[in-house]
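Below you'll find the structure, written out as structure tokens, and then a few comments.
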Amino acid sequence: KIENENFIVKDVFLTKNIENSPVNFTISNDELIIAYGEAEKRKLGVIGIFHSHPDSIAYPSTTDKKYMEINPVPWIIFSNKNKEFKAYIFESEIMPVSLEIK
Numbered sequence: 001k002i003e004n005e006n007f008i009v010k011d012v013f014l015t016k017n018i019e020n021s022p023v024n025f026t027i028s029n030d031e032l033i034i035a036y037g038e039a040e041k042r043k044l045g046v047i048g049i050f051h052s053h054p055d056s057i058a059y060p061s062t063t064d065k066k067y068m069e070i071n072p073v074p075w076i077i078f079s080n081k082n083k084e085f086k087a088y089i090f091e092s093e094i095m096p097v098s099l100e101i102k
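The end of the sequence shown is residue 102 by the numbering used here, with every number in the run present.
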């Protein structure tokens with residue numbers, strides 16, 4: 001939910017990487033539909049997509065950018081390389097989003 005312009009995470013829906021790869025990820029369309037349906041059923045919104053970059057910085061890859069255009073929510077990326085979280089949203093271009101982890 002959004003509270004005072006902050007996104008509040010109430011639950012996390014885990015998905016499988018259908019790429020079966022340590023460097024690429026894809027969420028199946030079926031799982032995306034289930035996740036959005038479950039959120040709607042529980043009167044919640046999908047407020048972000050989280051994934052990690054094992055060997056690069058926390059910035060959207062070319063593949064991320066493609067999917068960010070069709071999933072217009074903040075994308076939270078964890079870099080295993082430098083152990084940092086960053087968030088971005090696509091609004092005609094990649095824009096950083098303020099992120100606070102408590």
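All C-beta atoms in this analysis are idealised placements derived from N, C-alpha and C, irrespective of residue type, glycine included.
Straight-line gap, residue i to residue j (C-alpha atoms, nearest Å)
| i | j | result |
| --- | --- | --- |
| Glu-38 | Lys-81 | 33 Å |
| Phe-85 | Ser-79 | 6 Å |
| Val-46 | Ile-57 | 24 Å |
| Pro-96 | Asp-64 | 14 Å |
| Ser-52 | Arg-42 | 27 Å |
| Ile-33 | Phe-13 | 12 Å |
Under the three-state DSSP convention, the category residue i falls into
| i | result |
| --- | --- |
| Asn-80 | coil |
| Tyr-88 | strand |
| Arg-18 | Correcting the residue identity first, residue 18 is Ile in this sequence and not Arg. Reduced to three states, the DSSP call for Ile-18 is coil. |
| Glu-29 | In the sequence as displayed, the identity of residue 29 is Asn instead of Glu. Here Asn-29 sits in helix by DSSP. |
| Ile-8 | coil |
Endpoints, beta strand (DSSP E) assigned at residue i
| i | result |
| --- | --- |
| Ile-49 | 49-53 |
| Pro-74 | Careful: Pro-74 lies outside any beta strand (DSSP E) and carries neither H nor E. |
| Ile-101 | No beta strand (DSSP E) holds Ile-101; DSSP gives it neither H nor E. |
N-terminal and C-terminal residue of the alpha helix (DSSP H) that residue i is part of
| i | result |
| --- | --- |
| Ile-70 | 62-70 |
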